[in-house]
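At position 262 of the sequence shown (counting the first as 1) the number is 263 in our numbering, and the numbers step up by one without a gap.
Single-structure report; data block below.
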Amino acid sequence: MKPKIEKGKRGTFWSTKMSPDLSILRKEDKYIVLLTVLALMPCMLAYYYLSGTGEYTAYDLIPLLTLPLFLDGIVIYVKERRWKSFAMMVAVVAALFVLHRLEYIQVTADILFFVLFILIGATGVVAVAEAIQRVLFYRVVHSVEYMNVKRKLSLWDKMVAFLFNVPDDLDTRNITMNYNLQRTSIPWKEMFQTVAMALLLGMCIWIYLSMNPAFMREDSLESIPIFMFSLILVIPLLVLPFTIFKSLDVRVETNYRAFHIHSGVMETLKRMALPIGATLIFVLLAINTSDPIQVMTYIGASALAIIFVVGYTCILYYTTNERPLVNDIVTKWQIFRPVPIFVSLDEGGSGRARFDDAPGTPKRDKSDFGELILPQLK
């Protein structure tokens, strides 16, 4: 496949428009996104209708909005012919039903929801997150590459610059990545960083828990666990798309220290965490009308749930979805960027000077330049 070279605006040679051939979105990714959207529509209608009856609260109905993720998991099982996993899921659900009927165990809606998430829901979450990665990756890389050479930034460029904390004075054209990624085990350090990002986002949920005066009402206490778990299911969709920038070490090379794209996201979240954390403390001390012990108990429980949900989805992602995604990214990169566009000429740094000591490199005798003899003053 040959990349298309087109003229930019006003006859300039280089176009800052992203080539459509650079897309890594597959048909199955489009189908997953379309299926999720189409399945969400009847779920929203059911939520609206049932909430209007007055018999159910928002805490009871929020899990309806997560059902498309479970449907995605079933579709992935069937499409990839994971018949053993599918059979195990059916067997586990059937066993729980039989034990419940025989009154050996009490299977509540919370337990069933949790078990179904482990069996199929997490697979759907990872599939949707990978589709988001495929949509965003080269769009973000392309935006960063031309960000500080454009005359005027678009709204998308401004959003990328804010989210990834791109400095205004950085020449971002020399962007590169590690396209020789080889995994031999789960990258636990990267996974812990992803969990940390999720906990920072979880503070928004904690503020809601603290500010909502109806949260601790007696008639809603039974629905709180499944409500919180439903909200937490969305968090992997917000943090997993950024993992690919860390895995491939996407960075902008300079003569000094490289700017890492993923580090920019972390710095942005850290800046936002301080005012959000201060808001949480203020809400707990000044505005909260519920029992502080109960609120802190649910905050601690939600933190544990975030660690489990994000950690579990990360393990699924690294073991099943990352390798095909990396292969597709590297294939496109080698077509559109077979060699670096810019070569640094720094003194012994990351540029051309590093090859001077390579075996077989010819060296010139500096005496060939002659000697400069200055006249001595009398």
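By construction, the Cβ of each residue, glycine as well, lies at the ideal position given by its N, Cα and C atoms.
All values derive from a computational prediction rather than experimental measurement.
With the cut-off set at 8 Å, would you say residue 242 and residue 133 are in Cβ contact? yes
Residue 93 CB to nearest heavy atom of the ligand GDP below 7 Å: Absent from the structure shown: the ligand GDP. Ligands present: none.
Where the alpha helix (DSSP H) through residue 153 begins and ends: From DSSP, residue 153 is part of no alpha helix (DSSP H); its letter is neither H nor E.
Is residue 252 buried or exposed, if buried means 16 or more other CB atoms sit within 10 Å of its CB? By the neighbour-count rule (16 or more Cβ atoms within 10 Å), residue 252 is buried.
Going by DSSP, name the residue or residues bridged to residue 260. Paired residues: 253.
What's the call for residue 106, buried or exposed, on a 16-neighbour Cβ count within 10 Å? exposed
In angstroms with no decimal places, state the Cα-to-Cα distance between residue 332 and residue 231. 37 Å
In the DSSP assignment, the alpha helix (DSSP H) including residue 53 goes from what residue to what residue? Its alpha helix (DSSP H) spans residues 28–54.
Identify the continuous alpha helix (DSSP H) that holds residue 131 and give its terminal residues. 123–146
Evaluate residue 30 with the Cβ neighbour count: other Cβ atoms within 10 Å of its Cβ, from every protein chain shown; 16 or more gives buried, anything less gives exposed. buried
Status (buried if at least 16 other CB within 10 Å, exposed otherwise) for residue 318: Residue 318 sits buried, since 16 or more C-beta atoms from the chains shown fall within 10 Å of its C-beta.
Distance, residue 49 Cα to residue 195 Cα: 34 Å
When you compare only the Cα positions, how much space is there between residue 240 and residue 198? 7 Å
Can you tell which of 97, 72, 62 and 116 has its C-alpha closest to the C-alpha of residue 1? Because residue 1 is not part of the residues shown, which for the chain are 2 to 379, the question remains open.
DSSP beta-bridge partners for residue 177? 252
Three-state secondary structure (DSSP) at residue 323? Correct three-state label for residue 323: helix.
Identify, in the order they occur along the chain, each residue of the same chain with its Cβ nearer than 6 Å to the Cβ of residue 111, setting aside the five sequence neighbours on each side. 226 and 227
Would DSSP call residue 364 helix, strand or coil? coil
Between the Cα of residue 41 and those of 28, 71, 100 and 25, spot the shortest distance and give me the residue it belongs to. Out of 28, 71, 100 and 25, 71 has the C-alpha closest to the C-alpha of residue 41.
Under the three-state DSSP convention, the category residue 165 falls into: coil
Three-way DSSP call (helix, strand, coil) for residue 376 in this model: coil
Find the nearest neighbour of residue 271 within the set 201, 77, 60 and 53, judged by alpha-carbon distance. 201
For residue 122, collect the residues of the same chain with a Cβ closer than 8 Å to its Cβ; drop the 5 residues on either side in sequence, then sort them by chain order. 67, 70, 71, 74 and 234
Can you have a look at residue 109 and say buried or exposed, based on whether 16 or more other CB atoms are within 10 angstroms of its CB? Result: exposed.
Name the residue from 156, 168 and 173 whose alpha carbon lies nearest to the alpha carbon of residue 150. 173
Report the three-state DSSP secondary structure of residue 307 (helix, strand or coil). Collapsing the DSSP output to three states places residue 307 in a helix.
In whole angstroms, give me the CA-to-CA distance for residue 91 and residue 181. 40 Å
Supposed close pair residue 19, residue 140 - CB separation, criterion 8 Å: 7 Å
Local conformation of residue 172 per DSSP, three classes: coil
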